[in-house]
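Engineer:
Number of protein chains: 2
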Amino acid sequence: MKRAELAALIQQKQSFLCVGLDTDPNKLPSHLSKDAAGVLAFNKAIIESTLPFTVSYKLNIAFYEAMGTAGWELLEETINMIPRDQAFIIADAKRGDIGNTAARYAEAFFTTFPCHAVTVNPYMGEDSVTPFLGHEGKWAIVLGLTSNKGANDIELLRLENGKFVFEQAIETIAGYGSDQDLMFVVGATQPEYFERIRKVAPNHFLLIPGVGAQGGQLEDLQPLMTQDVGVLVNSSRKIIYASSGEDFAEAARVEAARMQKAMAGMMD
Amino acid sequence: MKRAELAALIQQKQSFLCVGLDTDPNKLPSHLSKDAAGVLAFNKAIIESTLPFTVSYKLNIAFYEAMGTAGWELLEETINMIPRDQAFIIADAKRGDIGNTAARYAEAFFTTFPCHAVTVNPYMGEDSVTPFLGHEGKWAIVLGLTSNKGANDIELLRLENGKFVFEQAIETIAGYGSDQDLMFVVGATQPEYFERIRKVAPNHFLLIPGVGAQGGQLEDLQPLMTQDVGVLVNSSRKIIYASSGEDFAEAARVEAARMQKAMAGMMD
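In the order they appear, the protein sequences are chains A and B. For the first sequence, position 203 (counting from the first letter as 1) is numbered 202 according to the numbering used here, and the numbering increases by one without interruption. For the second sequence, position 10 (counting from the first letter as 1) is numbered 9 according to the numbering used here, and the numbering increases by one without interruption.
This is how it looks when you write it as structure tokens:
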């Protein structure tokens, strides 16, 4: 999906919501089996109920990988259930390796499991990111500043040149691609750094976790928005686990619709 | 596998070699089929021929993941072919995510695919590493200073405090575990930084790629060795692709034996 197509989808649905399918078999409603079949039924119902309100689904690969081979079948089936022209599909894999290995990960998530984008870790630098770039309609979403406590350990250290590590990482990696094949992950819980981020990535789309369960506020994200919106805001648990009963899909729909409405208000 | 067991294996085989199973279906000898069955036959022959000379196998997960569900079956079958008491099994996955997601990755590579160790990316800090620690006989092998060109982009930047990013990363992460559940990746191509590395991780085992194809020299690694050796040196392509003919396993055996002999000389 190219940038213009994503932007059109955002306008059409008046939403920049990304629903995170971090589906945990142990958190399924009790009427569903706690296995791959149960997760598939759950994902199907969530996708059907939230599709009008979301422009993207993010699959947290760890949850599928933990189930072994059955999990990878489930991942493939889930991806195939999402209408590819109605939602931007993100493999949240946070892969990062070099050269021919990174090319294999790109093959895995752009071809074998046909997603539009894959999250990538920048620690190893240029040759760990470039194999994901230059594939038309495909995106690398590179970790910038994350929303977790551990962000203080490396990302938020100051370099000799006065910049933060995350800031230099975004600036350097931005130079290897363009805002047509590269996005960055920026946690909603870090508003004091938003201005710095838009200085080094003025027009890149940002994938933003941390709204809701982690404490980030949707309203705080306004300074990050670009002319074509330029942000995708992820919500996982707050939507998919809105109810633990048989009405889980309806409860997810209500929560997704609530977020869509708030987002439409920010797009005026 | 606990540290004392790994150290005993190293003494017994007089080797600290790790054979990288980065098996590419397109590089298989022509008498093998270029699919999962071909890779499995190849891996089986390589493991059988190299086992007397190596203390570890490292599976480059990208190569399996790129084959989709069939690749994960293949990964499982390959892991099950390795005698667990005769080799330390590393999932080279370079995973890195937070909290409950990282716990899922630990489950994937410690339980679902029963490896002894998994490589982990430190960019997101504490909560992306600690879920891999404290599992008896299991190890997180965290990226420190890698052997690729892109290491210059982030790892080798200088911090305000005078340290390099990789150096601070190793020091900080070392504080979250011990030399009984934590190792670091250090590229053989970076000898000028070896002293700094042993200052912040004096007794941790190090996993060292970059000898051979990438230009690192085995002899240069002596300053990194500890009383119980403390290093695992990986070689992938130079061993597994030593010959592209029907004699590939014999050629791999010869190359692994050559490296083992050189290593035995360094252990005197």
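Built from N, CA and C at the ideal position, the CB exists for glycine as well.
When you compare the CB of B:D219 with every CB in chain A, is at least one pair closer than 8 Å?
Structural biologist: Judged by the 8 Å Cβ criterion, B:D219 is not in contact with chain A.
Engineer: How big is the Cα-Cα spacing for B:H115 and B:P82?
Structural biologist: Their backbone Cα atoms lie some 12 Å apart in a straight line.
Engineer: Assuming B:K57 and B:G19 form a contact by the criterion Cβ under 8 Å, report the distance between their Cβ atoms to the nearest whole angstrom.
Structural biologist: With a Cβ gap of about 5 Å, B:K57 and B:G19 count as contacting.
Engineer: Please tell me whether B:V184 and B:T129 are closer than 8 Å, where the distance is taken between their beta carbons.
Structural biologist: The answer is no: Cβ separation not under 8 Å.
Engineer: Listed from N- to C-terminal order along the chain, which residues in the region 121 to 153 of chain A have their beta-carbon within a distance smaller than 7 Å of any beta-carbon of chain B?
Structural biologist: Going along the region 121 to 153 of chain A in chain order, one finds P121, Y122, M123, G124, E125, D126, S127, L142, T145, N147, K148, G149, A150, N151, D152 and I153 with a Cβ nearer than 7 Å to chain B.
Engineer: Using a Cβ cut-off of 7 Å, pull out every chain B residue sitting near A:L269, in sequence order please.
Structural biologist: Shown here, chain A extends from 0 to 267; a query on residue 269 of chain A therefore has no answer.
Engineer: Could one say the Cβ of A:G167 lies closer than 8 Å to chain B's Cβ atoms, at least one of them?
Structural biologist: In the sequence as presented, Gly is not what sits at residue 167 of chain A; that position holds Gln. Answer yes: the Cβ-Cβ gap between A:Q167 and chain B drops below 8 Å somewhere.
Engineer: Alpha carbon to alpha carbon, what distance is there between B:M123 and B:I89?
Structural biologist: If you take the alpha carbons of B:I89 and B:M123, they lie about 21 Å apart.
Engineer: Quick one, which of B:G98, B:L223, B:R252 and B:A7 has its alpha-carbon nearest B:K237's?
Structural biologist: The shortest Cα separation from B:K237 among B:G98, B:L223, B:R252 and B:A7 belongs to B:R252.
Engineer: Looking at C-alpha atoms only, which residue of B:K148, B:N120 and B:F204 is the closest neighbour of B:A3?
Structural biologist: Of the listed residues, the one whose Cα sits closest to B:A3 is B:F204.
Engineer: With a 10 Å radius around its C-beta and 16 neighbouring C-beta atoms as the bar for buried, classify A:E218 as buried or exposed.
Structural biologist: The residue in question, A:E218, is exposed, as its Cβ has fewer than 16 Cβ neighbours within 10 Å.
Engineer: Leaving out five residues on either side along the sequence, give the residues of the same chain with a beta carbon under 6 Å from the beta carbon of B:K93.
Structural biologist: Once the five neighbours on either side are set aside, the close Cβ partners of B:K93 are T118 and N120.
Engineer: Which stretch, first to last residue, makes up the alpha helix (DSSP H) that contains B:V253?
Structural biologist: Where B:V253 is concerned, the enclosing alpha helix (DSSP H) stretches over F247 to M265.
Engineer: Using only the alpha-carbon positions, how far apart do A:P208 and B:G95 sit?
Structural biologist: Approximately 16 Å, taken between the alpha carbons.
Engineer: Mind checking if B:R103 is an interface residue toward chain A, Cβ cutoff 8 Å exclusive?
Structural biologist: Yes - at least one Cβ of chain A is within 8 Å of the one on B:R103.
Engineer: Mind listing the chain A neighbours of B:M182? Cutoff is C-beta to C-beta under 7 Å, in chain order.
Structural biologist: Near B:M182 there are no residues of chain A at all, since even the closest Cβ is about 16 Å away, more than 7 Å.
Engineer: By Cβ distance below 7 Å, which residues in the same chain neighbour A:T22 in space, the five residues on each side in sequence not counted?
Structural biologist: These residues qualify, in order along the chain: V38, F41, N42, F62 and I239.
Engineer: Could you compute how far the alpha carbon of B:E170 sits from the alpha carbon of B:L155?
Structural biologist: About 15 Å.
Engineer: Compare the Cα-Cα distances from B:S48 to each of B:A255, B:A261, B:D267 and B:M262 and report the closest residue.
Structural biologist: Comparing Cα positions, the closest option is B:A255.
Engineer: Have a look at B:I46 and B:S243 and give me their C-alpha separation to the nearest angstrom.
Structural biologist: Between B:I46 and B:S243, the C-alpha separation is close to 16 Å.
Engineer: For B:Y122, does the three-state DSSP call read helix, strand or coil?
Structural biologist: Residue state, collapsed to three classes: coil.
Engineer: According to DSSP, what are the bridge partners of A:Y56?
Structural biologist: Note: A:Y56 sits in a beta bridge opposite A:V18 and A:I88.
Engineer: Can you check which of these residues, A:C17, A:F52 and A:G98, is closest to A:R257 by C-alpha distance?
Structural biologist: Comparing Cα positions, the closest option is A:F52.
Engineer: Which residues share a DSSP beta bridge with B:L94?
Structural biologist: Correcting the residue type first, residue 94 of chain B is Arg in the shown sequence and not Leu. Bridge partners of B:R94: B:V119.
Engineer: Report yes or no: is there a C-beta of chain C within less than 8 Å of the C-beta of A:T68?
Structural biologist: Absent from the structure: chain C. Protein chains present are A and B.
Engineer: Can you name, in chain order, every residue of its own chain whose Cβ lies under 8 Å from the Cβ of A:L27, other than the five neighbours on each side?
Structural biologist: Same-chain partners within the cutoff: K33, G37, V38 and F41.
Engineer: Using a Cβ-Cβ cut-off of 7 Å (strictly less than) and excluding sequence neighbours within five positions of B:A200, which residues of its own chain qualify?
Structural biologist: Result list for B:A200: I169, A173 and F183, in chain order.
Engineer: Contact criterion: CB-CB distance below 8 Å. Does B:T171 meet it with respect to chain A?
Structural biologist: Chain A, which has a Cβ nearer than 8 Å to the Cβ of B:T171, makes this yes.
Engineer: Taking DSSP's pairing of strands, which residues face B:M182 in a bridge?
Structural biologist: DSSP output for B:M182 lists B:I140 as bridge partner(s).
Engineer: Cβ of B:K93 less than 8 Å from any chain A Cβ?
Structural biologist: Answer yes: the Cβ-Cβ gap between B:K93 and chain A drops below 8 Å somewhere.
Engineer: Establish whether the CB of B:N42 and some CB of chain A are separated by less than 8 Å.
Structural biologist: No, no contact with chain A.
Engineer: Measuring alpha carbon to alpha carbon, tell me which of B:E75, B:A65, B:M66 and B:A261 ends up nearest A:M66.
Structural biologist: Comparing Cα-Cα distances from A:M66 to each of B:E75, B:A65, B:M66 and B:A261, the minimum goes to B:E75.
Engineer: Our contact map puts A:I153 next to B:V228 with C-beta atoms below 8 Å; I'd like the distance itself, whole angstroms only.
Structural biologist: That belief does not hold up - the Cβ atoms of A:I153 and B:V228 are roughly 29 Å apart, past 8 Å.
Engineer: What is the rounded straight-line gap between the Cα of B:F108 and the Cα of A:T68?
Structural biologist: Spanning the two alpha carbons is a distance of roughly 12 Å.
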